[in-house]
Amino acid sequence: MTLSVEHLTKEYVKNGQEPVQALVNISLEIQDTEFVCVLGPSGCGKTTLLRIIAGLERPTSGRVHIDGTVIEGPSQKLGMIFQDYSLYPWRTVNDNIAFGLELNHVPREKRAKIVQKYLELAGLSDFGNSYPHELSGGMRQRIAVVRALAVEPSVLLMDEPFGALDAQTRNMLQHELLEIWQKTKKTILFVTHSVDEAVYLADRIVVLSPRPGHICEVIPIDQQRPRDRTSVEFARVRRHVLDLISQKCSFQ
Amino acid sequence: MTLPRAAFRIYNWRSLLKFVLPVAIIVVWELFAIWINNPFILPRLEAVVAVLLAPTADILGNGSLAANAATSLERVLAGFFVAAAIAIPLGIGMGRSVTLNQLFDTLMQLLRPIPPLAWVPLALAWFKIGLVSMVFIIGMGAFFPILLNTLYGVKGVKKNWIETAEILGAKEHQVLSRVVLPGALPTIWTGLRVGFGIAWMCVVAAEMMPGTNSGLGYLIIAAYNWSQVPVIIAGMVVIGIIGIGVDVFFKAIERRSFGWRELER
Numbered sequence: 008m009t010l011s012v013e014h015l016t017k018e019y020v021k022n023g024q025e026p027v028q029a030l031v032n033i034s035l036e037i038q039d040t041e042f043v044c045v046l047g048p049s050g051c052g053k054t055t056l057l058r059i060i061a062g063l064e065r066p067t068s069g070r071v072h073i074d075g076t077v078i079e080g081p082s083q084k085l086g087m088i089f090q091d092y093s094l095y096p097w098r099t100v101n102d103n104i105a106f107g108l109e110l111n112h113v114p115r116e117k118r119a120k121i122v123q124k125y126l127e128l129a130g131l132s133d134f135g136n137s138y139p140h141e142l143s144g145g146m147r148q149r150i151a152v153v154r155a156l157a158v159e160p161s162v163l164l165m166d167e168p169f170g171a172l173d174a175q176t177r178n179m180l181q182h183e184l185l186e187i188w189q190k191t192k193k194t195i196l197f198v199t200h201s202v203d204e205a206v207y208l209a210d211r212i213v214v215l216s217p218r219p220g221h222i223c224e225v226i227p228i229d230q231q232r233p234r235d236r237t238s239v240e241f242a243r244v245r246r247h248v249l250d251l252i253s254q255k256c257s258f259q
Numbered sequence: 013m014t015l016p017r018a019a020f021r022i023y024n025w026r027s028l029l030k031f032v033l034p035v036a037i038i039v040v041w042e043l044f045a046i047w048i049n050n051p052f053i054l055p056r057l058e059a060v061v062a063v064l065l066a067p068t069a070d071i072l073g074n075g076s077l078a079a080n081a082a083t084s085l086e087r088v089l090a091g092f093f094v095a096a097a098i099a100i101p102l103g104i105g106m107g108r109s110v111t112l113n114q115l116f117d118t119l120m121q122l123l124r125p126i127p128p129l130a131w132v133p134l135a136l137a138w139f140k141i142g143l144v145s146m147v148f149i150i151g152m153g154a155f156f157p158i159l160l161n162t163l164y165g166v167k168g169v170k171k172n173w174i175e176t177a178e179i180l181g182a183k184e185h186q187v188l189s190r191v192v193l194p195g196a197l198p199t200i201w202t203g204l205r206v207g208f209g210i211a212w213m214c215v216v217a218a219e220m221m222p223g224t225n226s227g228l229g230y231l232i233i234a235a236y237n238w239s240q241v242p243v244i245i246a247g248m249v250v251i252g253i254i255g256i257g258v259d260v261f262f263k264a265i266e267r268r269s270f271g272w273r274e275l276e277r
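These protein sequences, in sequence, are chains Y and R. To convert a position in the first sequence, counted from 1, into the numbering used here, add 7. To convert a position in the second sequence, counted from 1, into the numbering used here, add 12.
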């Protein structure tokens, strides 16, 4: 799998007004099984970038392709995880995970097996018959992640998925996400505004500048996993990222 | 945990509050009835209860209370289902498609403020007295609450729910049947409940129109013509009871099936 973004530009045109540029000339190549974080301040267009890659919005110019096929609409090759989980409140956890399989007419028995597998991966085997509102935010986001994984996309697109969670849950989910990533060998593109989160998770951090968003720095993180947030080494990398951002990007 | 005795007493006292006014009205009614002593103006309670306790007895050759209530219910159900069958698909269409919304919006805004009973003369001119004009008038009453709630419900379906489905591979019809419809259903249900309430009011009023010869509304008017005040009041009580019964039914389903709406977030 390779995902490539070529010269992507996005302008919003409001009636009778000057077009507003959201993204300018974004080019990015993401390798198979790579974990890339897109880091940027609010309003820099990072969510727009993710939505264009997901096929939910069209770019003004440029294009995205996955394995040579141009993305022109939502695709099952690309799973998406929203900050608000977007679980269906009228479906049980099992039925939420099964949703994508149902849409693709996977037979019932096979569906049940797959759901069981992903329920275990999420560590929520006892909650299959619960409804989303009975679960905590962290549990809901785990369900959203495995619901996306159940249709076996090659890429997971995550839009500040842990932004609504408390710090402790957030750290735990970051750790679990890395485990899932290593187990399932997916490619992950993860949008965040937290330097800490990006340094903890990423193989590579793509830093976007404030609006109009353009790539102002790409920083590889070579540190061994699991990374220890309290270590001197982690602090050093984090400092390095912050320095680069303050030198080259006009924020922070 | 055991509550102190006083807490129990206050709780019971509060829960009894809702019965205070109905009982007071009955007492005042009875006092007035004794004082006025004229059954053609205000009958004694027992006269009304006697009518209510004999629901299958014929009343002045107009059929029984139960039979007339059944007739009214049949009419209201027919009108209600016709209204729902048009309003729900139209509401979904208008909620999902800007084109359809543009096309229908003005017409709906124009028709909506017209009270259902203002359609009576036209209905009579077009369809004559009979089931069709009844269904038309009742349908007019139920239509707009169902339409507007459906529209509101469909528009309130979270964008992320729809996008998630599209990414997971949903075709347009699957988005509609598996995301939009279940997502909007609680609101549509509210529309059905409100619509039924209005339809029920319309049927009784429509049955009071000249030329009708059955139904609770007709029975009340007939009883008035024969100065049978106990029958008038008994008819009104039955109208109220059926109205409450249907509302309770709708609310029970709502609580059981759409609890997620309140518990969301």
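C-beta: ideal position from N, C-alpha, C; glycine also.
- With a cutoff of 7 Å on beta-carbon distance, I37/Y and L15/Y are scored as not near each other.
- With 16 or more other Cβ atoms inside 10 Å of its own Cβ, E41/Y counts as buried.
- Of the candidates K193/Y, I226/Y, R58/Y, P160/Y, I226/Y places its Cα closest to the Cα of D210/Y.
- Taken in chain order, the unbroken stretches of alpha helix (DSSP H) that lie wholly in the stretch 44-98 of chain R and span 4 residues or more are 57-65.
- The count of Cβ pairs closer than 8 Å, one atom from the stretch 189-209 of chain R and one from the stretch 113-125 of chain R, stays below three, leaving the stretches out of contact.
- Look at the stretch 252-267 of chain R: it has no residue with a C-beta under 8 Å from a C-beta of chain Y.
- Excluding residues up to 5 positions away in sequence, I73, P160, S161, V162 lie with their Cβ nearer than 7 Å to the Cβ of K84/Y in the same chain.
- One alpha carbon belongs to N136/Y, the other to K192/Y, and they sit about 28 Å apart.
- One thing to note: V214/Y has its Cβ within 7 Å of the Cβ of E224/Y.
- In the DSSP assignment, V153/Y falls within the alpha helix (DSSP H) that extends over 144-157.
- Rounded to the nearest angstrom, the Cβ distance from V260/R to A81/R is 17 Å, too far for a contact under 8 Å.
- Residue-level contact by beta carbon fails for S201/Y and chain R, as no gap is shorter than 7 Å.
- Burial of T55/Y is indicated by the presence of at least 16 other C-beta atoms within 10 angstroms of its C-beta.
- D166/Y: not part of any alpha helix (DSSP H); member of the beta strand (DSSP E) spanning 162-166, first to last residue.
- Within the stretch 52-91 of chain Y, the runs of alpha helix (DSSP H) that reach at least 4 residues and sit entirely inside it are, in chain order, 53-60.
- Distance check between I228/Y and each of P81/Y, V244/Y, D173/Y, T67/Y places V244/Y closest, using alpha-carbon atoms only.
- When DSSP states are grouped into helix, strand and coil, K17/Y belongs to the strand group.
- According to the DSSP secondary-structure assignment, G220/Y is paired through a beta bridge with L30/Y.
- Counting only the Cα atoms, A105/Y lies some 25 Å from T176/Y.
- At a cut-off of 7 Å between beta carbons, G207/R makes no contact with chain Y.
- By the beta-carbon neighbour count (other beta carbons within 10 angstroms, threshold 16), F44/R is exposed.
- Between the stretch 194-214 of chain R and the stretch 147-167 of chain R, the count of C-beta pairs closer than 8 Å reaches three or more; the two stretches touch.
- A Cβ of chain R is located within less than 7 Å of the beta carbon of G107/Y.
- For T118/R, the enclosing alpha helix (DSSP H) starts and ends at 110-123.
- For the stretch 20-50 of chain Y, the set of residues with a beta-carbon nearer than 9 Å to any beta-carbon of chain R is empty.
- Boundaries cannot be given for C256/Y, as no alpha helix (DSSP H) includes it and DSSP labels it neither H nor E.
- Contact between A59/R and P242/R holds, since their C-beta atoms are separated by about 4 Å, short of 8 Å.
- DSSP places P227/Y within a strand segment (E or B) once states are collapsed to three.
- In the DSSP annotation of this structure, the continuous segment of the beta strand (DSSP E) that includes L196/Y starts and ends at 194-199.
- For F139/R, the enclosing alpha helix (DSSP H) stretches over residues 132-139.
- For G181/R, the chain Y residues whose Cβ falls inside 7 Å of its Cβ are Q83, G107, L110, N111, V158, in order along the chain.
- Counting only residues of its own chain and dropping the five nearest sequence neighbours on each side, C256/Y has a CB closer than 7 Å to the CB of V214, S216, C223, E224.
- Proximity of chain Y to P101/R at the Cβ level (cut-off 7 Å) is not reached, the minimal Cβ distance being about 21 Å.
- Taking 7 Å as the CB threshold, L63/Y lines the interface with chain R.
- Rounded to the nearest angstrom, the Cβ distance from A171/Y to I88/Y is 12 Å, too far for a contact under 8 Å.
- By the beta-carbon neighbour count (other beta carbons within 10 angstroms, threshold 16), G50/Y is exposed.
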